[in-house]
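What follows is a single structure, written as structure tokens, with notes after it.
Residue numbers (the working numbering): 54 to 240.
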């Protein structure tokens, strides 16, 4: 297991009772479980990738080596950042010398966004993920008629940054089943 050192087998999930393989084997009629103990290898740093606020991967990287950018199936990423506000882009050419967290916003291809407002959707995906930030600006609104008449969208995932949904934004979306509306929606 890359980035970890095997620390032995244990008979309990808390990893306090090590198993002695030279001792008698338990009754063969009775099953038992062994638990592997893994300890961090100091020669590695952990890179935590956080996409749309959710941890999607924790990857061990050898100390002094560079991390690899990750992709998200079905989503467009505007890059990886070292801060939760997506203002400081991460340089994947730089050496990793300590544990780091990288943040990205992913969204569905085909969205039309201007001045922090989703104005339309020309894609074909059934699930549409709206980004929290687009072009360095918070996405705070779904514009009037933005999805009106769409016959492919089944689900829309809104970030907590959206506070406004315009008139007829989802009118005549005959297959739409779910939209996650946060407590922050004001209109």
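Heads up, the beta-carbon is just placed ideally off N, CA and C, and yes, glycines get one too.
Rounded to the nearest whole angstrom, the CA to CA distance from residue 186 to residue 236 is 19 Å. No residue range can be given for residue 188, since it is assigned to no beta strand (DSSP E) and is classified by DSSP as neither H nor E. Runs of the beta strand (DSSP E) lying entirely within the stretch 65 to 140, each at least 3 residues long, are 88 to 93, 97 to 104 and 107 to 115 in chain order. Going by DSSP, residue 208 is part of the beta strand (DSSP E) stretching over 208 to 210.
Only exposed fits residue 238, as fewer than 16 other CB atoms lie within 10 angstroms of its CB.
Apart from sequence neighbours up to five positions away, the residues of its chain that approach residue 100 with a beta-carbon distance below 7 Å are 112, 114, 120, 149, 153 and 155, ordered along the chain. Looking from the CA of residue 116, the closest CA among 123, 57 and 133 belongs to 57.
Note: residue 159 is bridge-paired with 130 in the DSSP secondary-structure output. In this structure residue 194 is not in contact with residue 209, their Cβ atoms being roughly 13 Å apart against a cut-off of 8 Å.
Taking a C-beta distance under 8 Å as the contact criterion, residue 151 and residue 226 do not qualify as a contact pair. For residue 173, the enclosing beta strand (DSSP E) begins and ends at 170 to 174. Excluding five sequence positions before and after residue 87, the CB atoms of its chain that fall closer than 6 Å to its own CB belong to 62 and 72, given in chain order.
One Cα belongs to residue 188, the other to residue 158, and the distance between them is close to 11 Å. When rounded, the separation of the alpha-carbon atoms in residue 130 and residue 143 is 13 Å.
Beta-bridge partners of residue 235 (DSSP): none assigned.
By the Cβ-count criterion, residue 231 is exposed, with fewer than 16 other Cβ atoms from all chains shown falling within 10 Å of its own Cβ. As the crow flies, the alpha-carbon of residue 137 is around 26 Å from that of residue 93. For residue 168, the closest of 55, 191, 84 and 234 by C-alpha to C-alpha distance is 191. The alpha-carbon of residue 124 is positioned some 14 Å away from that of residue 145.
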